[in-house]
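Participant:
If you want it as structure tokens, here you go:
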């Protein structure tokens, strides 16, 4: 955990040092282009590798009754047997985060009958995760206003609902504090649970710290690290139109935020954050549980020659006769063919 925190802290210190050295063109143009390039190439490479991986057998996770006899009701989304059922299962898993509701925790309870092992659903984990992901989605959509001109009405409407409470000036977005709170709760969960803390590696803490750095630096930039929004808009539109230029009036807080975002984009394809694309390509979720309906064979196996029983008996007739085993054809006289 300490290594992940120090790496994120070092990234911020390096960004401020480069700004102090006047390397704003590198921070505002070179680094964003490089981060987007690494992100795109890395994601495409991993998706192509996953898609090219052969899956000769159905290995779908099942949580209900598979398609069987006509009078036995099938659990369509727990053991999908058709493309429509698979699409429904993916929709529920991706949009409603259904698998997290089954991330059960086990506890031993002392009852009058003795010690019992009890399983509980992790509803708090589901709540933190769904709040984080949807609040992050709102933030990503809101940021499109810096890359589109004119700004579409749908993005303006989303901004209006995100600042519905109209607290402070500038108006406070609800999505920012929700993301920070959800990330802190997910981090505390990993630190509080002894079993989870024991199996956690630096790669588990690093995305949490980096996402927290992105969110906190963005909140600081909006409310305290005042910068010229018109200059930021000019910079981002220059990046989109491939005519980059670094205007004056952009402070260190903006470059600190963009450095954390660039680090997140660079690390995304090589970290566990790549599950965002991997969930669609997971054979445990996108394959049909139809092993009772169809016979699946391994396409890598070459043609196999099977011997008939008559051929088997012809080869071992003498040994079978000595062992007293029944024969369909008795052996001939000694020395006969």
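Numbering (the numbering used here), first residue to last: 93 to 429. Quick reminder that beta carbons are idealized off the backbone N, C-alpha and C, glycines included. Predicted model only: the values in this text are computed from it and were never measured.
(1) In chain order, which beta strand (DSSP E) runs of at least 3 residues are fully inside the stretch 192 to 270?
(2) When the Cβ atoms of the stretch 355 to 365 are set against those of the stretch 125 to 142, are three or more pairs found closer than 8 angstroms?
(3) Would the beta-carbon of residue 340 fall within 8 angstroms of that of residue 95?
(4) Keeping to the same chain, check which residues put their C-beta closer than 6 angstroms to that of residue 155; ignore five residues upstream and five downstream.
(5) Determine the DSSP secondary structure at residue 332, reduced to helix, strand or coil.
(6) Starting from residue 409 and walking both ways along the alpha helix (DSSP H), at which residues does that stretch end?
(7) Expressed to the nearest angstrom, what Euclidean distance is found between the alpha-carbon atoms of residue 318 and residue 343?
(8) Apart from the five residues on each side of it in sequence, which residues of its chain come closer than 6 angstroms, Cβ to Cβ, to residue 267?
(9) Considering only the alpha carbon of each residue, which of 162, 421, 217 and 201 lies closest to residue 188?
(10) Have a look at residue 191 and residue 144 and give me their C-alpha separation to the nearest angstrom.
(11) Buried or exposed, going by whether 16 or more other CB atoms sit within 10 Å of the CB of residue 196?
(12) Starting from residue 382 and walking both ways along the alpha helix (DSSP H), at which residues does that stretch end?
(13) Have a look at residue 111 and residue 119 and give me their C-alpha separation to the nearest angstrom.
(14) Residue 100 lies in the alpha helix (DSSP H); which residues open and close that run?
(15) Per DSSP, what kind of secondary structure is residue 342 in: helix, strand or coil?
(16) Would you decide whether residue 286 is buried or exposed? Buried here means 16 or more other CB atoms lie within 10 Å of its CB.
(17) Along the chain, where does the alpha helix (DSSP H) that runs through residue 152 open and close?
(18) So for residue 115, helix, strand or coil by DSSP?
(19) Under a three-way DSSP split, which group does residue 188 fall into?
(20) According to DSSP, simplified to helix, strand and coil, what is residue 171?
(21) If you compare alpha carbons, which of 235, 168, 179 and 301 is closest to residue 103?
(22) Give me, in chain order, the residues of the same chain whose beta-carbon lies closer than 6 angstroms to that of residue 277; leave out the 5 immediate sequence neighbours on both sides.
(23) Label residue 310 either buried or exposed according to how many other C-beta atoms from any shown protein chain fall within 10 Å of its C-beta, with 16 as the threshold for buried.
(24) Going by DSSP, what residue range makes up the alpha helix (DSSP H) through residue 391?
Facilitator: Taking the geometry as given:
(1) 197 to 203 and 206 to 212
(2) yes
(3) For the purposes of this step, residue 340 is taken as residue 248 along the chain shown, with counting starting at 1. For the purposes of this step, residue 95 is taken as residue 3 along the chain shown, with counting starting at 1. Against a cut-off of 8 angstroms, the Cβ pair of residue 95 and residue 340 comes out as no contact.
(4) Walking along the chain shown from the start, residue 155 turns up at place 63. If the five residues before and after residue 155 are omitted, its C-beta is found closer than 6 angstroms to the C-beta atoms of 170, all from its own chain and listed in chain order.
(5) Position 240 of the chain shown holds residue 332. Note: residue 332 maps to helix in three-state DSSP.
(6) One-based indexing of the chain shown puts residue 409 at position 317. 401 to 415 is the span of the alpha helix (DSSP H), which, as asked, contains residue 409.
(7) As a working note, residue 318 is residue 226 in the chain shown. As a working note, residue 343 is residue 251 in the chain shown. In a straight line, the C-alpha of residue 318 is about 8 angstroms away from that of residue 343.
(8) Numbered from its first residue, the chain shown carries residue 267 at position 175. So the qualifying residues of the chain are 227, 230, 231 and 254.
(9) Translated into the one-based positions of the chain shown, residue 188 becomes position 96. Here the closest residue by C-alpha is 217.
(10) By 1-based counting over the chain shown, the position of residue 191 is 99. By 1-based counting over the chain shown, the position of residue 144 is 52. Each residue's alpha carbon lies about 25 angstroms from the other.
(11) For the purposes of this step, residue 196 is taken as the residue at position 104 of the chain shown. The residue in question, residue 196, is exposed, as its Cβ has fewer than 16 Cβ neighbours within 10 Å.
(12) Here residue 382 corresponds to residue number 290 of the chain shown, with the count starting at 1. No alpha helix (DSSP H) contains residue 382, which DSSP labels as neither H nor E.
(13) Within the chain shown, the letter at position 19 stands for residue 111. Within the chain shown, the letter at position 27 stands for residue 119. If I take the Cα positions, the gap works out to 8 angstroms.
(14) Working through the chain shown from its first residue, we reach residue 100 at position 8. Judged by DSSP secondary structure, residue 100 falls within the alpha helix (DSSP H) whose first and last residues are 94 to 112.
(15) To locate residue 342, count along the chain shown from 1; it is residue 250. DSSP, reduced to helix, strand and coil, places residue 342 outside both helices and strands of the structure shown, so it counts as coil.
(16) For the purposes of this step, residue 286 is taken as residue 194 along the chain shown, with counting starting at 1. Exposed.
(17) Locating residue 152 in the chain shown gives position 60, where the first residue counts as 1. For residue 152, no alpha helix (DSSP H) segment is defined, and its DSSP state is neither H nor E.
(18) For the purposes of this step, residue 115 is identified with residue 23 of the chain shown, where counting begins at 1. Three-state DSSP puts residue 115 in coil, outside helix and strand.
(19) Start at 1 with the first residue of the chain shown, and residue 188 comes out as number 96. Of the three classes helix, strand and coil, the one that applies to residue 188 here is coil, per DSSP.
(20) Position 79 of the chain shown, counted from the first residue, corresponds to residue 171. Here residue 171 sits in coil by DSSP.
(21) Locating residue 103 in the chain shown gives position 11, counting from the first residue. The shortest C-alpha separation from residue 103 is found at 301.
(22) Mapped onto the chain shown, residue 277 falls at position 185. Counting only Cβ-Cβ distances below 6 angstroms, and skipping sequence neighbours, we find 220.
(23) Your numbering for residue 310 matches position 218 in the chain shown. With 16 or more Cβ atoms within 10 Å of its Cβ, residue 310 is classed as buried.
(24) One-based indexing of the chain shown puts residue 391 at position 299. Looking at the DSSP string, residue 391 is not in any alpha helix (DSSP H), and its letter there is neither H nor E.
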